[in-house]
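There are 2 protein chains.
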Amino acid sequence: MEASIKNVARVAGVSITTVSHTLSGKRHVSAELATRVREAMETLGYTPSRSARNLALGKTQIIGLLVPDIGNAFFAELAKGVERVASGRGYNVIIGNTGFDRSRGLMYLEMIRARAVDGVVYASGSPFTDIEISGGTNNIPLVLVDGEVAGSHAPLVASQNLEGGRLAAEHLLGLGHRSALLLSAPSELATGADRVTGFVEAWRAGGGRAVQNGQGGFTAEGGQAAIRHHMGEILQGSVTAIFAVNDEMAIGALRELRAQGISVPDQVSVMGFDDIRSASDVHPSLTTIRQDVSLLGERAAEILLTLLADGDETVEGESVPVELIVRESTSPVDPRTSPHAMVDAGQKGQGR
Amino acid sequence: MEASIKNVARVAGVSITTVSHTLSGKRHVSAELATRVREAMETLGYTPSRSARNLALGKTQIIGLLVPDIGNAFFAELAKGVERVASGRGYNVIIGNTGFDRSRGLMYLEMIRARAVDGVVYASGSPFTDIEISGGTNNIPLVLVDGEVAGSHAPLVASQNLEGGRLAAEHLLGLGHRSALLLSAPSELATGADRVTGFVEAWRAGGGRAVQNGQGGFTAEGGQAAIRHHMGEILQGSVTAIFAVNDEMAIGALRELRAQGISVPDQVSVMGFDDIRSASDVHPSLTTIRQDVSLLGERAAEILLTLLADGDETVEGESVPVELIVRESTSPVDPRTSPHAMVDAGQKGQGR
DNA sequence: CTGAAAGCGCTTACAG
DNA sequence: CTGAAAGCGCTTACAG
Numbered sequence: 017m018e019a020s021i022k023n024v025a026r027v028a029g030v031s032i033t034t035v036s037h038t039l040s041g042k043r044h045v046s047a048e049l050a051t052r053v054r055e056a057m058e059t060l061g062y063t064p065s066r067s068a069r070n071l072a073l074g075k076t077q078i079i080g081l082l083v084p085d086i087g088n089a090f091f092a093e094l095a096k097g098v099e100r101v102a103s104g105r106g107y108n109v110i111i112g113n114t115g116f117d118r119s120r121g122l123m124y125l126e127m128i129r130a131r132a133v134d135g136v137v138y139a140s141g142s143p144f145t146d147i148e149i150s151g152g153t154n155n156i157p158l159v160l161v162d163g164e165v166a167g168s169h170a171p172l173v174a175s176q177n178l179e180g181g182r183l184a185a186e187h188l189l190g191l192g193h194r195s196a197l198l199l200s201a202p203s204e205l206a207t208g209a210d211r212v213t214g215f216v217e218a219w220r221a222g223g224g225r226a227v228q229n230g231q232g233g234f235t236a237e238g239g240q241a242a243i244r245h246h247m248g249e250i251l252q253g254s255v256t257a258i259f260a261v262n263d264e265m266a267i268g269a270l271r272e273l274r275a276q277g278i279s280v281p282d283q284v285s286v287m288g289f290d291d292i293r294s295a296s297d298v299h300p301s302l303t304t305i306r307q308d309v310s311l312l313g314e315r316a317a318e319i320l321l322t323l324l325a326d327g328d329e330t331v332e333g334e335s336v337p338v339e340l341i342v343r344e345s346t347s348p349v350d351p352r353t354s355p356h357a358m359v360d361a362g363q364k365g366q367g368r
Numbered sequence: 017m018e019a020s021i022k023n024v025a026r027v028a029g030v031s032i033t034t035v036s037h038t039l040s041g042k043r044h045v046s047a048e049l050a051t052r053v054r055e056a057m058e059t060l061g062y063t064p065s066r067s068a069r070n071l072a073l074g075k076t077q078i079i080g081l082l083v084p085d086i087g088n089a090f091f092a093e094l095a096k097g098v099e100r101v102a103s104g105r106g107y108n109v110i111i112g113n114t115g116f117d118r119s120r121g122l123m124y125l126e127m128i129r130a131r132a133v134d135g136v137v138y139a140s141g142s143p144f145t146d147i148e149i150s151g152g153t154n155n156i157p158l159v160l161v162d163g164e165v166a167g168s169h170a171p172l173v174a175s176q177n178l179e180g181g182r183l184a185a186e187h188l189l190g191l192g193h194r195s196a197l198l199l200s201a202p203s204e205l206a207t208g209a210d211r212v213t214g215f216v217e218a219w220r221a222g223g224g225r226a227v228q229n230g231q232g233g234f235t236a237e238g239g240q241a242a243i244r245h246h247m248g249e250i251l252q253g254s255v256t257a258i259f260a261v262n263d264e265m266a267i268g269a270l271r272e273l274r275a276q277g278i279s280v281p282d283q284v285s286v287m288g289f290d291d292i293r294s295a296s297d298v299h300p301s302l303t304t305i306r307q308d309v310s311l312l313g314e315r316a317a318e319i320l321l322t323l324l325a326d327g328d329e330t331v332e333g334e335s336v337p338v339e340l341i342v343r344e345s346t347s348p349v350d351p352r353t354s355p356h357a358m359v360d361a362g363q364k365g366q367g368r
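Residue numbers (the working numbering), protein chains in the order written: chain A, 17 to 368; chain B, 17 to 368.
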């Protein structure tokens, strides 16, 4: 005898209504019946079918997490945060790895349209337009993480990237640096753009002068290439500090600097952003701006679940604090090697 | 008018049977009706409800992936592999993060019992006994990854850890090393135990002598502590090579060696296992045994899906090849600093 | 405090 | 080639 609600009711000698209510607690069941029901469930080894429940209630208790690459530490940590609060509230999370691939993304959109999930946390980087993500999606509750989707009104949860850029600039200024090389990334990515903006504003305000570098592309290789390209300024001491808008690029920079025989931080200070795992493993360990990625995921999930609970309620996004982590890769500028020159290499006229 | 199959049928002027069959292709539908159905679906914006389908078919097209820590790069990469093949075959994956926590694990067991998933990929480290995992689980198809569960007959997918240990030993022997320090981990973890066994066997066969060290616990801190404990042997050259059964410990070892002013690989060679991201970022970059973790996930998912397709078929587990990655942290033993002494510090009598 | 029955939206055996 | 209807296993409005 399979363990369906019908059989439990039969064994307990009650209606399925009563079985359902002793489980849900949505209406009172006399102690005697409740006991009989529980015993019947026990002997049958009954666990209610999620599928049946889903159909009856029109929801799945599942949220989708769409990321471009779950193998990437950032998104893995994000997933951890999302899973933590979701599971704590009785939700499961389906992970949708788009791999930056449109067709895989569309597959997950179809899953959303099929109401396989009650809501979605959508991490930046996936290849959708606003129309697809909100229009094609049955008005399913949506929370954005890390980056905007053009034109979307969905709440956004992101780190205080602007503030992070500012912290980086102030740290370097405080060490006496005035000439910095900025390793940025394609401006399409708002995440990086905010970090640049925050840095440049604070840097200017503090009397520094930034050298922009469009290359870098968020990769270690990009960081290496950028350093190679600016070797001249570094050697002549007209750049005493390097700020990369992510740790990957900063680590690439460290690698190239070592290869070129430049000592960090003695000859040049290097900062990153993110505080990925490697940041503390490299030598010298990397001074960086830490973002609390799993908190990002937790907050996103909480907002989404609030949305699911309150229906129409309008919910605000939020920004998650960042933190300066000082390690070995930055030190006070050495007055002898630094002529405090004002260099503006690379990007012609990009400095506003 | 909501987009249900009933409304599509009404608009197209056919039965819901016909709507269902034009979608599934399980029986022929005349071109004319098929067209009318498709048009109706189009105008209504119809996507079939997954919940209804699940209930009717008694399956969910979802597999569960149970891991102890999705934030950990190993499991994140595993998830990537699992997701890739699952999504390629029309399955979604729910990620279950147990956090090494029994109660969270039990919550996911309950999800399995509720038939919220059709099968599960179970990565080592979660806190279950065999009885719980197979008995309490509705006979749901199960594939184990990375480690056995005591007494379970479920197929296991794991890296060739034994072979990996052997490769490490042979690499070091080939460089002339004969006295090694082995950074192992608690023997409960079969993963590490196989690596040790493979190493020790090949090492002995090649004329080497192993120094065991029970500490390490798979963490960088453990690796550091172990080095501190064996500083004497390293300084006097009676240990010329160190093999850690994972990269974390190897990186901890590198850190401590640097702190103590020992040059790697000049004074001592260091090897790890896994080839985690940091392995190539540290300096000197780490010679290690790479395991293809995302392939591990792919194979596990494929086996699980085969199990789901073929029902009763018995399926074998498999082992995934590993690869020696030579980087900067190992070099030929320096005959001057190496008296080829046979040291057996630490574990009294543990060397068989 | 309890039960009979409708309904959630599909799939499919049965009949034609 | 097509349709009417039962069934998947729950939840819940309605009635008592």
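For each residue, glycine too, the CB sits at the ideal point set by N, CA and C.
Under the 10 Å beta carbon count, residue 221 of chain A is surrounded by fewer than 16 other beta carbons and is classified as exposed. If you keep only unbroken alpha helix (DSSP H) runs of at least 4 residues inside the stretch 175 to 252 of chain A, you get 177 to 190, 206 to 221, 236 to 245, 247 to 251. Counting along the chain, the unbroken alpha helix (DSSP H) around residue 317 of chain B starts and ends at 309 to 326. Here the stretch 313 to 325 of chain B makes no contact with the stretch 279 to 299 of chain B; the two share fewer than three CB pairs at distances below 8 angstroms. Chain-order list of chain A residues neighbouring residue 65 of chain B: 71, 130, 131, by C-beta distance under 8 angstroms. The beta carbon of residue 139 of chain B does not come within 7 angstroms of any beta carbon belonging to chain A, so the residue lies off that interface. The beta carbon of residue 324 of chain B sits closer than 7 angstroms to the beta carbons of 134, 135, 157 from its chain, once the five residues preceding and following it are set aside; these are given in chain order. Residue 254 of chain A is positioned such that its CB atom lies no closer than 7 angstroms to that of residue 335 of chain A. Shown in chain order are the members of the stretch 298 to 323 of chain A whose Cβ falls below 7 angstroms from a Cβ of chain B: 298, 299, 310. Within the same chain, Cβ atoms closer than 7 angstroms to the Cβ of residue 278 of chain B are found at 250, 284, the five residues on either side in sequence being excluded. Between the stretch 112 to 125 of chain B and the stretch 297 to 316 of chain B, the count of Cβ pairs shorter than 8 angstroms is below three; the stretches do not touch. Of all alpha-carbon atoms in B:298, B:268, B:282, the one lying nearest the alpha-carbon of residue 267 of chain A is that of B:298. Counting only residues of its own chain and dropping the five nearest sequence neighbours on each side, residue 339 of chain A has a CB closer than 6 angstroms to the CB of 306.
In the structure shown, residue 336 of chain A adopts extended strand secondary structure according to DSSP, grouped into three states. Residue-level contact by beta carbon holds for residue 99 of chain B and chain A, with a gap shorter than 7 angstroms.
Along the stretch 103 to 118 of chain A, the positions whose C-beta sits under 7 angstroms from a C-beta of chain B are 103, 108, 109, 110, 111, 113, read in chain order. By the Cβ test, the stretch 48 to 57 of chain A is not in contact with the stretch 86 to 102 of chain A, since fewer than three Cβ pairs between them sit closer than 8 angstroms. Of the residues assessed, residue 193 of chain A falls on the buried side of the cut-off, its CB having 16 or more other CB atoms within 10 angstroms.
Residue-level contact by beta carbon holds for residue 93 of chain B and chain A, with a gap shorter than 7 angstroms. In this structure, DSSP gives residue 267 of chain B a helical state, which the three-state scheme calls helix. The Cβ of residue 266 of chain A sits no closer than 7 angstroms to any Cβ of chain B.
Close CB contacts of residue 233 of chain A within its chain, under the 7 angstroms cut and outside five residues either way in sequence, are with 201, 202 (chain order). In its chain, beyond the 5 residues on either side, 56 have a beta carbon closer than 6 angstroms to the beta carbon of residue 27 of chain B.
With its beta carbon at least 7 angstroms from every one in chain A, residue 32 of chain B lies outside the interface.
Within the same chain, Cβ atoms closer than 8 angstroms to the Cβ of residue 31 of chain B are found at 25, the five residues on either side in sequence being excluded.
Taken through DSSP and simplified to helix, strand or coil, residue 49 of chain B comes out as helix. The stretch 258 to 276 of chain B and the stretch 259 to 276 of chain A do not touch, with fewer than 3 CB-CB distances between them shorter than 8 angstroms.
When secondary structure is reduced to three states using DSSP, residue 304 of chain A falls in the strand class. Rounded to the nearest whole angstrom, the C-alpha separation of residue 47 of chain B and residue 131 of chain B is 38 angstroms. Against chain A, a Cβ distance below 7 angstroms from residue 285 of chain B picks out nothing, because the smallest value is about 18 angstroms.
Proximity of residue 87 of chain A to chain B, defined by a Cβ-Cβ separation below 7 angstroms, is satisfied. Relative to residue 330 of chain A, the option among A:172, A:241, A:180, A:215 whose CA is nearest is A:172.
When the five nearest sequence neighbours on each side are left out, the beta carbons in the same chain lying within less than 8 angstroms of the beta carbon of residue 110 of chain B are those of 78, 79, 80, 81, 127, 132, 133, in order along the chain.
Counting only the Cα atoms, residue 86 of chain A lies some 16 angstroms from residue 139 of chain B. When the Cα atoms are used, residue 163 of chain A and residue 247 of chain A turn out to be separated by approximately 33 angstroms. In this structure, residue 84 of chain B and residue 106 of chain B do not form a Cβ contact; the two beta carbons are roughly 28 angstroms apart against a cut-off of 8 angstroms.
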